[in-house]
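This note's numbering puts the first residue of the sequence shown at 1, with every later residue one more than the last. Take a look at the structure below.
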Amino acid sequence: MTGFEHLPHIDEAKLKERRERVFILMAGLFLGTLTMLNILGITRFIKLYEIGFGEGDATWSLVFAVAVGVLPYPMTFLCTDLISEFYGKRRANYVVLIGLLLNAWVVFILWVGGILPGWEAIDAETGRLVADAAGRKPLFFELQALAFGAVGASMIAYLAAQLCDVWLFHFWKKLTKGKHLWLRNNGSTLVSQMVDTTAVILITYYFTTPSLPIPDGTSVWFQLLVGYIAAGYIFKMFAALVDTPIIYAAVYYLKDYLRIDPTKMHEFGDVED
């Protein structure tokens, strides 16, 4: 008994093709989103809220802000959770590792694009690119500097967070015997998002140039821990809670479409017919 006897019969080959097509769609959405967010990275910060403190010359402010690259990030966790649910831990980890290689590919292309000769003006004495009146390099090199920093920081944070997400998702699934989808969805995502947010903010601040903007007179650690990490995590936590009904709806539809029982543990290439 598979639990799908009430559904119309479908040829085994067509069912396998359907499952692979859905997997490719989810993996493609994950990898495409990952590439986009790393290119966007820290090119711009969105100010969510600002609080002023002090009086007179001793005033300072705390800015709650998130990088524009954070906006599509919750989609990556939704995709890996769905892949984990229907295709197993090994496929989910496989997609995560492909994403890491994709990050490296982006960095490689940006590096090659920067060392090949172009039409930019070069300072004869220093051999460096000539900046404009505002001190900016040509657009590609501005993007390259921002992307190098964002990708470098996110590669480390991303690998730790995504592997944490996949492991926790299956930990909760095994513990609850396939029940309580909301628990494994939120329980895995909320913890992994904290790992990601903390790692990417600290790495970006200490190891990239240009670094994160800190308002004048504001304590660096206070701005980092509260303004960026807390704001980023609250945004991701809100997104994780919002995606709970989305993942429920997706699982409700896909379990019949794919003829896979999501309450059972599945592994790479080992889903029920």
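Even glycine gets a Cβ: it sits at the ideal position worked out from N, Cα and C. The structure presented is a predicted model; accordingly, all values stated were derived computationally and were not measured.
- Our two residues, valine 107 and alanine 231, have alpha carbons roughly 28 Å apart in a direct line.
- Note that the C-beta distance between leucine 34 and tyrosine 158 is below 9 Å.
- In this model, glycine 3 and tryptophan 167 are separated by some 27 Å (Cα to Cα).
- Take the alpha-carbon of threonine 189 and the one of isoleucine 46: they are about 23 Å apart.
- Restricting attention to alpha helix (DSSP H) runs no shorter than 4 residues, the region 53-102 encloses them at 74-87, ordered along the chain.
- Using a Cβ-Cβ distance cut-off of 8 Å, the region 164-179 and the region 233-244 are not in contact, since fewer than three pairs of beta carbons, one from each stretch, lie closer than that value.
- In the three-state DSSP reduction, glutamate 120 falls in the coil class, being neither helix nor strand.
- For the pair leucine 7 and aspartate 256, the CB atoms are nearer than the 9 Å cut-off.
- Using a Cβ distance threshold of 9 Å, arginine 19 and leucine 258 count as a contacting pair.
- According to the DSSP assignment, isoleucine 39 belongs to the alpha helix (DSSP H) that extends over 12-40.
- Take isoleucine 83, set aside five residues on each side of it, and the residues of its chain with a beta-carbon closer than 8 Å to its own are Phe23, Met26, Ala27, Phe30, Arg91, Ala92, Val95, in chain order.
- Residue burial is scored here from C-beta neighbours: leucine 139 has fewer than 16 other C-beta atoms within 10 angstroms and is therefore classed as exposed.
- Cβ atoms of isoleucine 203 and isoleucine 156 come within 8 Å of each other, at about 6 Å.
- Going by beta carbons, alanine 67 and leucine 110 fall outside the 9 Å limit.
- A Cβ-Cβ separation of about 6 Å places asparagine 185 in contact with threonine 244 under the 8 Å criterion.
- Linking tyrosine 206 to tryptophan 182 through their CA atoms gives a straight-line distance of about 36 Å.
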